[in-house]
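Just so you know, we're using numbering that gives the first Met the number 0 here: the sequence shown kicks off at 0 and counts up by one. Glycine residues also receive a C-beta, built at the ideal position from the N, C-alpha and C atoms. On a predicted model such as this, the values are computed, not experimentally measured, just so you know. Right, one structure below, let's go through it.
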Amino acid sequence: MPSQKHSLLPPEKACKISLCLLVLCLLSLNLQAQQRPQVGLVLAGGSAKGFAHIGVLKVLEEVNMPIDYVTGTSMGAIVGGLFAIGYSAAEMDSIVSSVNWSKLLIGAPLYPQLSWKQKERIERYAVDLELSLPGVSLPSGLLSGQDITRMLCRLTLPVHHLERFSDFPRPFACIATNLANGEAVVLKSGNFAEALRASMAIPTAFTPVTIGDSLLVDGYLVRNLPAEDVRALGAQLVIGVNIEQEIQPVEKVTSLIEILNQIQNLMLLPGIEAQKELCDVMLEPDFGDITIMDFNRSREIIDLGERHARDHYAALKQLADSLNALAPRPEARFPAMPDSLLISEIAFEGFRNRSPDILGNHLPGLLPALLTPAEIDNLVDRIYAIQVFERVGYRIMPIPGKVSNKLLIKVEEKSENRFQAGLRYDNRHNAFLLLNTRFYNLLTDLSTLDLDLKLGELSRFALQYDLPVGWSSSMATRLGIDFGEDRIDLYQRDRRAQRFTTRSLTSTLFMGSLRAKNVLIGAGVRGQLLRQEVDIGNVDQAEKDIYTAAGFARMGLDYTDSKTFPVRGFRSELNVEASTDRLNSDPAFFRVMGSGDLFLPLHRHWTLLVSGEAGTVRGDSLSLIRPYYLGGVREPRTFQGLPRSFYGLRAQERIAEHLMVGAGGLQWKDNSGWFAQFHYNVAAIFEARLLGERQPLVQGWGALVGYELPVGPLVFAAHGGNGQLHTFLSMGFFF
Numbered sequence: 000m001p002s003q004k005h006s007l008l009p010p011e012k013a014c015k016i017s018l019c020l021l022v023l024c025l026l027s028l029n030l031q032a033q034q035r036p037q038v039g040l041v042l043a044g045g046s047a048k049g050f051a052h053i054g055v056l057k058v059l060e061e062v063n064m065p066i067d068y069v070t071g072t073s074m075g076a077i078v079g080g081l082f083a084i085g086y087s088a089a090e091m092d093s094i095v096s097s098v099n100w101s102k103l104l105i106g107a108p109l110y111p112q113l114s115w116k117q118k119e120r121i122e123r124y125a126v127d128l129e130l131s132l133p134g135v136s137l138p139s140g141l142l143s144g145q146d147i148t149r150m151l152c153r154l155t156l157p158v159h160h161l162e163r164f165s166d167f168p169r170p171f172a173c174i175a176t177n178l179a180n181g182e183a184v185v186l187k188s189g190n191f192a193e194a195l196r197a198s199m200a201i202p203t204a205f206t207p208v209t210i211g212d213s214l215l216v217d218g219y220l221v222r223n224l225p226a227e228d229v230r231a232l233g234a235q236l237v238i239g240v241n242i243e244q245e246i247q248p249v250e251k252v253t254s255l256i257e258i259l260n261q262i263q264n265l266m267l268l269p270g271i272e273a274q275k276e277l278c279d280v281m282l283e284p285d286f287g288d289i290t291i292m293d294f295n296r297s298r299e300i301i302d303l304g305e306r307h308a309r310d311h312y313a314a315l316k317q318l319a320d321s322l323n324a325l326a327p328r329p330e331a332r333f334p335a336m337p338d339s340l341l342i343s344e345i346a347f348e349g350f351r352n353r354s355p356d357i358l359g360n361h362l363p364g365l366l367p368a369l370l371t372p373a374e375i376d377n378l379v380d381r382i383y384a385i386q387v388f389e390r391v392g393y394r395i396m397p398i399p400g401k402v403s404n405k406l407l408i409k410v411e412e413k414s415e416n417r418f419q420a421g422l423r424y425d426n427r428h429n430a431f432l433l434l435n436t437r438f439y440n441l442l443t444d445l446s447t448l449d450l451d452l453k454l455g456e457l458s459r460f461a462l463q464y465d466l467p468v469g470w471s472s473s474m475a476t477r478l479g480i481d482f483g484e485d486r487i488d489l490y491q492r493d494r495r496a497q498r499f500t501t502r503s504l505t506s507t508l509f510m511g512s513l514r515a516k517n518v519l520i521g522a523g524v525r526g527q528l529l530r531q532e533v534d535i536g537n538v539d540q541a542e543k544d545i546y547t548a549a550g551f552a553r554m555g556l557d558y559t560d561s562k563t564f565p566v567r568g569f570r571s572e573l574n575v576e577a578s579t580d581r582l583n584s585d586p587a588f589f590r591v592m593g594s595g596d597l598f599l600p601l602h603r604h605w606t607l608l609v610s611g612e613a614g615t616v617r618g619d620s621l622s623l624i625r626p627y628y629l630g631g632v633r634e635p636r637t638f639q640g641l642p643r644s645f646y647g648l649r650a651q652e653r654i655a656e657h658l659m660v661g662a663g664g665l666q667w668k669d670n671s672g673w674f675a676q677f678h679y680n681v682a683a684i685f686e687a688r689l690l691g692e693r694q695p696l697v698q699g700w701g702a703l704v705g706y707e708l709p710v711g712p713l714v715f716a717a718h719g720g721n722g723q724l725h726t727f728l729s730m731g732f733f734f
């Protein structure tokens, strides 16, 4: 093919495509050149802007453009790779539109796959760093990309058995950058899903990918528009789609981010221009104010790419018809997604400091076994939920001479020790900083030692050591020591009458099914030494130091899909605690509390919320730390207990020895991260003896709106009852 360059960039230059048509006409008249020129498609990288490729592909499919070879970088590699193995533009549009990109990019473990102890600690920390001697080290990337890895493994399943990308229905190659020497690495064989993941491993954002002896990151650093590579595959006519941001005028470069983007674009410009010279047809959509991080604007970006291609529909159609007149592209046979696969072997790759034995009962019990793709995904999710791996991927390989397959599970181990931090603010407690150091495998595999330091108006230090009982057992023993400050407010006639600050030292020994996913059953003993100080009120009412020794039991179910704002499922918990004089406890008491929450999906974004709880406490001389407290948004129902909301009252505004609570509401939540809730709750309280008589029936309403941020949800709530209106503002994970 001659080397003339043709562009579909500005409409005024669209006529240049006629040169390409003229060349084709000349070729068709040449008796020795009867074969149609091989057409290559090149898709550039650009993170979220890469969704525009899907819109362009819709038009290329519509005009029946014959595409023989495909190359891509970063998001262009993913879209191009899926197109190369047979996904249509409509199918990719459906995939992109159905994904919650905020959660996919973060790659947190799926909540239903976590063990009970992991569910207790998830959604607490915004920062997670490796802890290594002599100090803390930054991670190789902020995001592991686990959900992207799993999604790519699933989407590429039909071609797992193909080692060479040239054997795809449309031969394919993608570009990554070798961190050792900064050179381009052309990936055209091996693990296809892994190659796509490497090509989009944005430095500092996603962790690098190890392939062979090379540590690879995003290919945009070296060749973001790999036109030379599609020609190397055999393409004679090249269609390029460039989504790289243009150099901006100086007056538009005002912020730090804009300056960094401009510097990056200036560095990449010479390489992009050189690759554009190798393209015969060039499409470059104008993205306006859309940035590379606007994943929540996927619909808009896809439509933008389609509109740009339609602006040149006539020229593209004429080119496609001319090519097909020479020789239409033979219909490609695209492999279908299997309904199930027969797995007779499981192999592992990537274990260095740990043994595959830690996977225990997460693996299929008996082989051979017939597994669906969804079941294989579920298996990967369970392994990743152990939370000792940065990333877990898989590949299905046929076993020579057999009708069955081998499941190859590839893991990348996490550092043995972690440093984590969370930050929270609300208008009741002000700001809190939570620091955590976690040590794995101190005495045995899967054991964890957590040291938590909570800093703020009320500080706390906690040590928690969990020791599993065997690799396959769901049981674990927990030893805990906690020293912390708490605050108790007492109200009388709707105004705060007293405030106490407590300081407590608590030791706990517990054994239960902490490693089970959905069910918790266990029992333990707890000793607590507590001192109270009066901040507001009569000093004479301060109690003496209190020592409590008690036995307790916990039973719980959790079949929800999220810790903080579920959209489906059910969870419940029953707690029983008792102390007698024989344990030298002062005072003796008995307390039982049960709760249940139902989340019933009604529509695409709507969930019905139903909850209830009941509790009773008995004792001859109850202290302030034994009754139930009612009121506030996500406030503990009992002293140092789990948080629950009761709208219409201030925090701890009602106190009771016996109570029953019922609540209902609606939740709206979409994939962009926004959510809203409306609640109505009612409570019956009895024998509130500590501050005299109380209303036996209390009711209230609450409305909140929020947005899920990587550092935790931003929430604003308004709630009221009995003629009063209260507000609540918080940012950060609840801890």
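Between residue i and residue j, what straight-line distance do the alpha-carbon atoms span, to the nearest angstrom?
{"i": "Ala234", "j": "Ala88", "result": "22 Å"}
{"i": "Phe499", "j": "Gln491", "result": "15 Å"}
{"i": "Thr606", "j": "Gly701", "result": "16 Å"}
{"i": "Gly593", "j": "Arg567", "result": "20 Å"}
{"i": "Ile291", "j": "Ile300", "result": "11 Å"}
{"i": "His604", "j": "Gln676", "result": "12 Å"}
{"i": "Val714", "j": "Gly359", "result": "40 Å"}
{"i": "Leu154", "j": "Gly270", "result": "31 Å"}
{"i": "Gly218", "j": "Thr72", "result": "6 Å"}
{"i": "Ser136", "j": "Met659", "result": "Summary for Ser136: the model assigns pLDDT 48, below 50, so the residue's position carries little reliability; its value from the coordinates is reported in the next sentence. Between Ser136 and Met659, the C-alpha separation is close to 49 Å."}
{"i": "Leu489", "j": "Pro626", "result": "12 Å"}
{"i": "Ala335", "j": "Trp100", "result": "26 Å"}
{"i": "Asp449", "j": "Arg390", "result": "22 Å"}
{"i": "Leu113", "j": "Lys102", "result": "16 Å"}
{"i": "Thr726", "j": "Gly550", "result": "38 Å"}
{"i": "Asn404", "j": "Ser339", "result": "11 Å"}
{"i": "Val710", "j": "Ser97", "result": "24 Å"}
{"i": "Arg298", "j": "Ala76", "result": "19 Å"}
{"i": "Asp534", "j": "Leu457", "result": "14 Å"}
{"i": "Ala716", "j": "Leu597", "result": "21 Å"}
{"i": "Asp634", "j": "Leu109", "result": "Rather than Asp, the amino acid found at residue 634 in this sequence is Glu. So the two alpha carbons sit approximately 26 Å from each other."}
If contacts are defined as beta-carbon pairs under 8 Å, then residue i and residue j qualify, I think. What distance do you get, rounded to the angstrom?
{"i": "Met74", "j": "Gly49", "result": "3 Å"}
{"i": "Ala346", "j": "Leu407", "result": "5 Å"}
{"i": "Lys413", "j": "Ile121", "result": "So it is not a contact: roughly 15 Å between Cβ atoms."}
{"i": "Arg570", "j": "Gly511", "result": "With 8 Å as the limit, Arg570 and Gly511 do not qualify as a contact, their Cβ atoms being about 16 Å apart."}
{"i": "Pro207", "j": "Leu215", "result": "6 Å"}
{"i": "Leu641", "j": "Ile684", "result": "With 8 Å as the limit, Leu641 and Ile684 do not qualify as a contact, their Cβ atoms being about 19 Å apart."}
{"i": "Tyr383", "j": "Gln117", "result": "Not a contact, Cβ separation roughly 11 Å."}
{"i": "Arg477", "j": "Leu513", "result": "6 Å"}
{"i": "Ala662", "j": "Ser610", "result": "5 Å"}
Just mark residue i as buried or exposed, buried being the case when its beta carbon has 16 or more other beta carbons within 10 Å.
{"i": "Lys401", "result": "exposed"}
{"i": "Leu365", "result": "exposed"}
{"i": "Asp380", "result": "buried"}
{"i": "Met281", "result": "buried"}
{"i": "Asn352", "result": "exposed"}
{"i": "Pro284", "result": "buried"}
{"i": "Ser473", "result": "buried"}
{"i": "Gln3", "result": "Reliability fails at Gln3, whose pLDDT of 41 lies under 50, so the model's placement of it is uncertain and no value is given."}
{"i": "Gln34", "result": "exposed"}
{"i": "Glu182", "result": "exposed"}
{"i": "His602", "result": "exposed"}
Q) Which runs of the beta strand (DSSP E) spanning at least 3 residues fall entirely within the segment 506-558, listed in chain order? A) Qualifying beta strand (DSSP E) stretches, in chain order: 518-535 and 545-557.
Q. For the 8 Å Cβ check, are there 3 or more pairs between the segment 155-175 and the segment 188-195?
A. In the pairwise beta carbon analysis, the segment 155-175 is classified as touching the segment 188-195: at least three pairs are separated by under 8 Å.
Q. How about the segment 432-443 and the segment 368-376: do they share at least three Cβ pairs that are nearer than 8 Å?
A. Taking one beta carbon from each stretch, the segment 432-443 and the segment 368-376 have fewer than 3 pairs nearer than 8 Å; the two do not touch.
(Q) Runs of 3 residues minimum, wholly inside the segment 432-467: which ones carry the beta strand (DSSP E) assignment? (A) Here the runs fully enclosed are 447-454 and 459-467.
Q: Assess, as a yes-or-no matter, whether the segment 720-732 is touched by the segment 417-432 under the definition of 3 or more beta carbon pairs within less than 8 Å.
A: A contact exists between the segment 417-432 and the segment 720-732.
Q.
Report the start-end ranges of each beta strand (DSSP E) in the segment 678-729 that is 3 residues or longer and not cut off at the edges.
A. Runs found: 696-708 and 711-720.
Q.
Just to confirm the assignment: which complete beta strand (DSSP E) runs, minimum length 3, are found wholly within the segment 296-384?
A. As far as the segment 296-384 is concerned, its whole beta strand (DSSP E) runs of at least 3 residues are 340-348 and 368-370.
Q: Would you list, in sequence order, the uninterrupted alpha helix (DSSP H) runs of no fewer than 4 residues that lie entirely inside the segment 69-135?
A: Annotation note: the segment 69-135 contains the following uninterrupted alpha helix (DSSP H) runs of length 4 or greater, listed N- to C-terminal: 74-83, 88-96, 100-105 and 115-120.
Q) Touching or not, the segment 52-69 and the segment 154-163, by the rule of three or more beta carbon pairs under 8 Å? A) No, the segment 52-69 does not touch the segment 154-163.
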